[in-house]
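Numbering (the numbering used here), first residue to last: 20 to 134.
What follows is a single structure, written as structure tokens, with notes after it.
Structure, rendered in structure tokens:
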């Protein structure tokens, strides 16, 4: 059974940093379309960062220069390095991956930016 498990969320002060991880486990032949999304209370889920099908990185305008998406060599773990965090970055962060033919989502990890 394939699943994605995120970790690394927490409470951080404005200007601080966090590193999120998302590990895929189970029977996996290939992964693609790895990305991070977030959902703040009362708002729709939105794209934060992703790898495109050709391996380039794409970022939402509101995180450019602050967040970096990366992955391990086996392409089963995706990371989100978040620097210079702002209160408006507070949200539940979800990773997603296309594993074989299907899209999978993690359970989400809470990120709270507050003094």
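Backbone N, C-alpha and C fix where the C-beta goes; we use that ideal spot for every residue, glycine too.
Leaving aside the five residues that flank residue 108 on each side, the residues in its chain whose CB is nearer than 6 Å to its CB run, in chain order, 132.
Rounded to the nearest whole angstrom, the C-alpha separation of residue 36 and residue 62 is 23 Å. Excluding sequence positions up to five before and after residue 20, its CB lies within less than 6 Å of the CB of 45, all in the same chain and listed in chain order. In the DSSP assignment, the residues bridged to residue 44 are 22. The C-beta separation of residue 104 from residue 33 comes to about 6 Å, placing the pair in contact by the 8 Å criterion. Taking 8 Å as the cut-off, the Cβ atoms of residue 113 and residue 130 do not count as close. The three-state reading of DSSP puts residue 81 in helix, counting H, G and I together. Put simply, the backbone Cα of residue 24 is about 14 Å away from that of residue 99.
In the structure shown, the three-state DSSP call for residue 91 is coil.
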